[in-house]
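Residue numbers (our numbering): 284 to 638.
We put the CB at the ideal spot given by N, CA and C, even for glycine.
A quick write-up on the structure given underneath.
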Amino acid sequence: MITCDILIVGQGLTGSLLAWHLQQAGLNVIVVDPGETNASQVAAGLVTPITGRRWVLTEAIEEYWPTAKAFYRHLEQLWDTRFWHERPTLRIYRSETERELARRRARHPGYRAYLGEEVAPGKAGFGLADPFGSRWLTRTAHLATTALLAAVRRWLQRNHRLHQSRLLPEDLALQGGKVRWGDFQADIAIFCEGWQVVHNPWFGSLPWQPSRGQILTLECRPPPPAFPVNGGIWLLPEGENQVRIGATYRWDHLTPAPDARDSEELLRKFASLFHQPPEYQILKETAGIRPNTLDHHPIVGPHPRFPQLFVCNGMGSKAALYAPLVCQQLCDHLLHRTPLPARIHLRRYHDRLLD
Ligand SMILES: Cc1cc2nc3c(=O)[nH]c(=O)nc-3n(C[C@H](O)[C@H](O)[C@H](O)COP(=O)(O)OP(=O)(O)OC[C@H]3O[C@@H](n4cnc5c(N)ncnc54)[C@H](O)[C@@H]3O)c2cc1C
Numbered sequence: 284m285i286t287c288d289i290l291i292v293g294q295g296l297t298g299s300l301l302a303w304h305l306q307q308a309g310l311n312v313i314v315v316d317p318g319e320t321n322a323s324q325v326a327a328g329l330v331t332p333i334t335g336r337r338w339v340l341t342e343a344i345e346e347y348w349p350t351a352k353a354f355y356r357h358l359e360q361l362w363d364t365r366f367w368h369e370r371p372t373l374r375i376y377r378s379e380t381e382r383e384l385a386r387r388r389a390r391h392p393g394y395r396a397y398l399g400e401e402v403a404p405g406k407a408g409f410g411l412a413d414p415f416g417s418r419w420l421t422r423t424a425h426l427a428t429t430a431l432l433a434a435v436r437r438w439l440q441r442n443h444r445l446h447q448s449r450l451l452p453e454d455l456a457l458q459g460g461k462v463r464w465g466d467f468q469a470d471i472a473i474f475c476e477g478w479q480v481v482h483n484p485w486f487g488s489l490p491w492q493p494s495r496g497q498i499l500t501l502e503c504r505p506p507p508p509a510f511p512v513n514g515g516i517w518l519l520p521e522g523e524n525q526v527r528i529g530a531t532y533r534w535d536h537l538t539p540a541p542d543a544r545d546s547e548e549l550l551r552k553f554a555s556l557f558h559q560p561p562e563y564q565i566l567k568e569t570a571g572i573r574p575n576t577l578d579h580h581p582i583v584g585p586h587p588r589f590p591q592l593f594v595c596n597g598m599g600s601k602a603a604l605y606a607p608l609v610c611q612q613l614c615d616h617l618l619h620r621t622p623l624p625a626r627i628h629l630r631r632y633h634d635r636l637l638d
């Protein structure tokens, strides 16, 4: 029998960061993951505090942003690898109404740190079509998720903390307030299964709203803008002539395989960003499924009937921004009984688990 304090199910961004926090806090963790491609590896890892047509600033950004930046920077130093790439994004206005809204937001003290200069129509450069102008989003970044996950995986393997397998719920026994799975016994299990939580017998009835997303990698000539652009879709330059564009949202077709309809949609939107679209060649098509939730906040906490079972999931489209703080908060809760913030606590949906 192999005993540990915590069994983590899933090594996406959530399970990885949680394992790191818990292990650093002195707990003994085992992570179970089948090693298949997951949403975290597919994600662009964009960190954009102001999002949506209404230019809304992410709730609790003053906690999320510094925690994420400090956490990824810390891992960069430790592993001598660059994960966090911070640079401004140019957001193209798509109407006069949007421009007026952004101007109002820019006058709001809470938004000032995140909104930069407005750029006049026709001045964005790189052949971008900007009839209403554009504005710099100053605090934006992207996280190299694939490199980060690979680094965490190596760290787990070096420490014999990773078990490559899929945990079948029927094989998990709840005994004497603990959990037992095969040869492993733990005080608690934390499910970080990404969108596959919908099949989880204990937490599957929570209001998950998984969405499929697709990204294309293109080589284009003339070269794409030298900075990230957001205008209906986002565009992330990678090297001299390469660019990633994304991402689609679909709620009807939950398979992680790339789809021709999504590629067409992305290419159409890409072309509409320019006066004269660059010539391109598709280098790669990737797709994955995001674990979105009904209220757009993560869902974290113990099951109301089985206190040895926890969920930590629902990072949605903001995993790179949310995961460092949310995993830290769950770690503090487990070690010091620090209350979980109400906005992420599973308690808000207890009725769905107690019916
Ligand atoms: C196209 C696309 C673009 C995106 N862009 C961004 C972006 O720009 N910025 C951003 O922040 N987020 C983005 N996201 C969202 C982000 O990728 C997800 O929110 C995040 O990766 C979820 O991480 P996770 O660890 O919860 O889930 P996942 O990454 O899906 O990992 C879950 C893991 O659990 C494992 N697992 C599941 N069931 C079991 C089981 N029974 N036993 C063992 N293991 C199991 C899976 O195999 C998987 O490895 C994007 C997603 C997609 C698809």
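Judging by CA-CA distance, which residue of L618, L566, P539, Q612 is the nearest neighbour of H628?
When only C-alpha atoms are compared, the closest one is Q612.
Whole-angstrom distance between S299 and A412, CA atom to CA atom:
Straight-line Cα distance between these residues: approximately 40 Å.
Out of P607, L432, V480, which one is the CA nearest neighbour of Q324?
For Q324, the closest alpha carbon among the candidates P607, L432, V480 is that of L432.
Around the Cβ of K567, are there at least 16 other Cβ atoms within 10 angstroms (buried) or fewer (exposed)?
Residue burial is scored here from C-beta neighbours: K567 has fewer than 16 other C-beta atoms within 10 angstroms and is therefore classed as exposed.
Which one or two residues does DSSP pair with K567 in a beta bridge?
Paired residues: T500.
Where F474 falls: helix, strand or coil (DSSP):
F474: strand per DSSP, three-state reduction.
A385 beta carbon less than 7 Å from that of R418
Their beta carbons are under 7 Å apart, which means R418 touches A385 by this criterion.
Who are H446's beta bridge partners in DSSP?
Within the DSSP bridge table, the entry for H446 names V315 as partners.
DSSP state of G599, grouped into three classes?
Three-state result, G599: helix.
Can you tell me the Cα-Cα spacing of L623 and A396, whole angstroms?
C-alpha of L623 to C-alpha of A396: approximately 27 Å in a straight line.
The alpha helix (DSSP H) enclosing S299, as first and last residue numbers:
Segment 296-307, the alpha helix (DSSP H) holding S299.
Which of the three DSSP states, helix, strand or coil, is assigned to E342?
When secondary structure is reduced to three states using DSSP, E342 falls in the coil class, being assigned neither helix nor strand.
Nearest to Y355 (by Cα), restricted to the options L637, A606, T372
It is A606.
Measure how close the beta-carbons of I289 and I471 come, nearest whole angstrom, since I'm counting them as under 8 Å.
The C-beta separation of I289 from I471 comes to about 6 Å, placing the pair in contact by the 8 Å criterion.
Measuring only the C-alpha atoms, how far is L519 from K601?
About 16 Å.
Beta strand (DSSP E) containing E453: first to last residue?
Unbroken run through E453: none, as it is neither H nor E.
Within the present structure, is the beta-carbon of R573 separated from the nearest heavy atom of ligand 1 by less than 6 Å?
Answer for R573: yes, Cβ within range of ligand 1.
Starting from the C-beta of G408, find all residues in its chain whose C-beta is less than 8 Å away, skip the five residues before and the five after it, and write them out in chain order.
Around G408, the same chain offers P508 as residues with beta carbons nearer than 8 Å, after the five sequence neighbours per side are excluded.
Indicate, with yes or no, if ligand 1 has a heavy atom lying under 6 Å from the CB of V325.
Checking the Cβ of V325 against ligand 1 gives yes.
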